[in-house]
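Position in the sequence shown (first residue = 1) + 233 = the numbering used here.
Below: the structure, in structure tokens.
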Amino acid sequence: MPQNHSTLLGFLIGLGFFLLGMNFLETGLARISGTKLKRIIQKQTRTTLKSMWVGTVSTAILQSSSLVSLLTLAFVGAEVLSLKSALGIVFGANLGTTLKGWLVAGLGFKVDLDQAALPMIALGAMAMTLANRERKFFQIWSLIVGLGFLLSGLANMKASVEGFSQSFDVSMVQGQSLLIYAIAGFIFTAIIHSSSATMMIALSALNSELVSIHEAAALVIGADLGTTLTAFLGAIGGVPAKKRLALGQFLFNLGIDSLAFVLLVPWLKGLQQVLAISDPLYLLVSFHSSFNLLGLVLFLPITGQFASFLERRFQKKNDRPTHFIHLVPTPVPEASLAAMTREAEQFLKDVGQLMTHYMSFERKEQDDWLAFLKAYDRLKACEGDMLAYAQELQKGTLDGSETQRLTHLVNSARLAINSAKSLKNIWHNLASFAADPNRPASQAVETFLKRDHQVWQNMTAVLEISGNWFERLAQLKKELDQSVLQPTLDFARLPESQLGETDLSSLLNVNHELNLGLQAFLGALKEFGLKPDQVSDFESLPVMI
Numbered sequence: 234m235p236q237n238h239s240t241l242l243g244f245l246i247g248l249g250f251f252l253l254g255m256n257f258l259e260t261g262l263a264r265i266s267g268t269k270l271k272r273i274i275q276k277q278t279r280t281t282l283k284s285m286w287v288g289t290v291s292t293a294i295l296q297s298s299s300l301v302s303l304l305t306l307a308f309v310g311a312e313v314l315s316l317k318s319a320l321g322i323v324f325g326a327n328l329g330t331t332l333k334g335w336l337v338a339g340l341g342f343k344v345d346l347d348q349a350a351l352p353m354i355a356l357g358a359m360a361m362t363l364a365n366r367e368r369k370f371f372q373i374w375s376l377i378v379g380l381g382f383l384l385s386g387l388a389n390m391k392a393s394v395e396g397f398s399q400s401f402d403v404s405m406v407q408g409q410s411l412l413i414y415a416i417a418g419f420i421f422t423a424i425i426h427s428s429s430a431t432m433m434i435a436l437s438a439l440n441s442e443l444v445s446i447h448e449a450a451a452l453v454i455g456a457d458l459g460t461t462l463t464a465f466l467g468a469i470g471g472v473p474a475k476k477r478l479a480l481g482q483f484l485f486n487l488g489i490d491s492l493a494f495v496l497l498v499p500w501l502k503g504l505q506q507v508l509a510i511s512d513p514l515y516l517l518v519s520f521h522s523s524f525n526l527l528g529l530v531l532f533l534p535i536t537g538q539f540a541s542f543l544e545r546r547f548q549k550k551n552d553r554p555t556h557f558i559h560l561v562p563t564p565v566p567e568a569s570l571a572a573m574t575r576e577a578e579q580f581l582k583d584v585g586q587l588m589t590h591y592m593s594f595e596r597k598e599q600d601d602w603l604a605f606l607k608a609y610d611r612l613k614a615c616e617g618d619m620l621a622y623a624q625e626l627q628k629g630t631l632d633g634s635e636t637q638r639l640t641h642l643v644n645s646a647r648l649a650i651n652s653a654k655s656l657k658n659i660w661h662n663l664a665s666f667a668a669d670p671n672r673p674a675s676q677a678v679e680t681f682l683k684r685d686h687q688v689w690q691n692m693t694a695v696l697e698i699s700g701n702w703f704e705r706l707a708q709l710k711k712e713l714d715q716s717v718l719q720p721t722l723d724f725a726r727l728p729e730s731q732l733g734e735t736d737l738s739s740l741l742n743v744n745h746e747l748n749l750g751l752q753a754f755l756g757a758l759k760e761f762g763l764k765p766d767q768v769s770d771f772e773s774l775p776v777m778i
């Protein structure tokens, strides 16, 4: 086989393994990411600063910003991480990866995770063969297999272009402008998927005096941007959130790298004077670390706004999540408020239909989860557009009653999406119970799911009623109060010997989330359909048991 065909085949095999690994990771994370895991991750990434710290430390330990970025993409695709938190992590990864330059400059130290790929795939595949597909144990090993395929894919893609890597001679661009050096660093890193390799080449060339410190710095700047293409590969065929994260990482690096390139000469001179660095190798890695640190400082206060900007990307013009508000400009308050009212009403109907469709004890397959997640993402995007529309509308000339009405509509949408989120949080629990319907705990879940399904149908039917909703919502509140109590009584009737601690914990979690969902949707109906004076009367109604 000709050499170029062999190289292409090796690259395609690596790409196939890489994408398969991403699929395993995202699917596994989606299936095991219950409420407890999400809370742990969200606690560690609660603020942008903490997210940046997580990205920096994890990359410094793994010595691979590409791997950290890809794992973050998987968490975003599985709805475990918010876009804002994920951005903080990949921004921090930029700083963490500079540690490798310091190690190479000082110790020539190298850590290679590729060696672990095949053992991870082998052990994981054997464990998955023996495990029950619906158990968490199976999903954990699928994560390990996915990580193994991902590492193996990266290794194969790198190996397929190894000849190019070894034959790359920095002297080929000697005498060219700094821009050419930056472009060379970008192209080389994009091909081999390793900014660290480009850094090592730059350090070697600088040590051999083949390039000047300014030329080596330009190479490193190009490499810093080139490494973002790995994230674009990881986002292929993914949900819009993954594409937004990949775009966010690229735009962040593009902005910081452009600034570093423009200020390259005075920046290096300033570092040399302030830090008193005489060794050009340490000056180069100091330059790399400093401009990435500056990027974190500049983006720390605006990461939220940057995430909001990205949320509006990758939405097809003919597939908008909203039904009415995009057709009415905000400078016309009366028409805008009417459009917002219609949008909120349709939003409640869409959430109600989603919940009644999936609120069943039928076996939950992977296709069902993906369909639910797609519908949920669309509703989430719609809620975001409604909030942005309301914020624009508030900049106009609304009177007090109009402002109050707008607030109630926004609250209604927020509560409605929270009700859908409750089902998302316990999907893995419901899938586990449905996979083994003969368990006593499963039978209990089926009983109160049927009861809650009827309550959901009754609540959704309110949206078709014209006129005063107060009495109907009061009746629904009574039904809901009784529905909340009944599962507890069902649990009490279960024999202790047939109900293990794990099942009991899962039952309580399912019951809690379903109750939260019902309460949230009732609150959404209250915010949408009752007048301000009726809201206070409704909230003062006693609990009916």
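Just so it is clear, CB atoms sit at the ideal spot from N, CA and C, and this is done for glycine as well.
Cβ-based burial, residue i [other Cβ within 10 Å; buried from 16]
{"i": "A571", "result": "exposed"}
{"i": "R477", "result": "buried"}
{"i": "F342", "result": "Here the model assigns F342 a pLDDT of 44, short of 50, so the residue's position is not dependable and the matter cannot be decided."}
{"i": "E697", "result": "exposed"}
{"i": "A449", "result": "buried"}
{"i": "E576", "result": "buried"}
{"i": "K683", "result": "exposed"}
{"i": "Q506", "result": "exposed"}
{"i": "S429", "result": "buried"}
{"i": "I454", "result": "buried"}
{"i": "T362", "result": "exposed"}
{"i": "T281", "result": "buried"}
Contact check, residue i vs residue j, beta carbons under 8 Å
{"i": "G481", "j": "G386", "result": "no"}
{"i": "N440", "j": "L514", "result": "yes"}
{"i": "I322", "j": "V301", "result": "yes"}
{"i": "S299", "j": "T460", "result": "yes"}
{"i": "L320", "j": "A540", "result": "yes"}
{"i": "P765", "j": "Q637", "result": "yes"}
{"i": "I746", "j": "N651", "result": "The identity of residue 746 in the sequence shown is Glu, whereas the question assumes Ile. No, the Cβ-Cβ distance between E746 and N651 is not below 8 Å."}
{"i": "L663", "j": "L713", "result": "no"}
{"i": "Y414", "j": "A438", "result": "no"}
{"i": "L306", "j": "G467", "result": "yes"}
{"i": "H520", "j": "I489", "result": "Position check: residue 520 holds Phe in this sequence, whereas His was assumed. Contact: no."}
{"i": "M353", "j": "I377", "result": "yes"}
{"i": "L497", "j": "L603", "result": "no"}
{"i": "G537", "j": "K317", "result": "yes"}
{"i": "R672", "j": "D736", "result": "yes"}
Same chain, Cβ closer than 7 Å to residue i, neighbours up to 5 away in sequence not counted
{"i": "L487", "result": "L458"}
{"i": "E772", "result": "none"}
{"i": "R287", "result": "Residue 287 is actually Val in this sequence, not Arg. Closer than 7 Å at Cβ, skipping near neighbours: Q277, T278, I322 and G325."}
{"i": "A646", "result": "A577, F580, E616 and M619"}
{"i": "I446", "result": "L439, L501, P513, L516 and L517"}
Proximal residues to residue i (C-beta, below 6 Å), its chain only, five neighbours per side dropped
{"i": "R212", "result": "Only positions 234 to 778 of the chain appear in this structure, which leaves residue 212 out of reach."}
{"i": "F191", "result": "The question about residue 191 has no answer, for the chain in this structure spans 234 to 778."}
{"i": "F557", "result": "A572, R575 and E576"}
{"i": "F465", "result": "A479"}
{"i": "Q579", "result": "H556"}
Secondary structure of residue i, DSSP reduced to three states
{"i": "V507", "result": "helix"}
{"i": "A468", "result": "coil"}
{"i": "I698", "result": "coil"}
{"i": "H641", "result": "helix"}
{"i": "D669", "result": "coil"}
{"i": "F547", "result": "coil"}
{"i": "F557", "result": "coil"}
{"i": "T268", "result": "Unreliable positioning characterises T268 in this predicted model, as indicated by a pLDDT of 49, which lies under 50. A coordinate reading is not provided."}
Alpha helix (DSSP H) segment containing residue i, residue limits
{"i": "G629", "result": "No alpha helix (DSSP H) contains G629, which DSSP labels as neither H nor E."}
{"i": "K582", "result": "P566 to Y591"}
{"i": "S318", "result": "L316 to G329"}
{"i": "L412", "result": "L411 to I425"}
{"i": "I489", "result": "P473 to V495"}
{"i": "P673", "result": "P673 to A694"}
{"i": "A355", "result": "A350 to L363"}
{"i": "E448", "result": "I446 to G459"}
{"i": "L527", "result": "P513 to F532"}
{"i": "E772", "result": "P765 to E772"}
{"i": "F542", "result": "T536 to E544"}
{"i": "S302", "result": "S298 to G310"}
{"i": "S437", "result": "S428 to N440"}
Within-8 Å CB hit, residue i to chain D
{"i": "T331", "result": "Included in the structure is just one protein chain, with no chain D present."}
Other residues of its chain near residue i: CB distance less than 8 Å, five sequence neighbours each side excluded
{"i": "A456", "result": "G418, F419, F421, T422, S428, T431, M432 and A435"}
{"i": "T589", "result": "H686, W689, Q690 and T693"}
{"i": "M763", "result": "Looking at the sequence shown, residue 763 is not Met but Leu. These residues qualify, in order along the chain: W702, F703, L706 and F771."}
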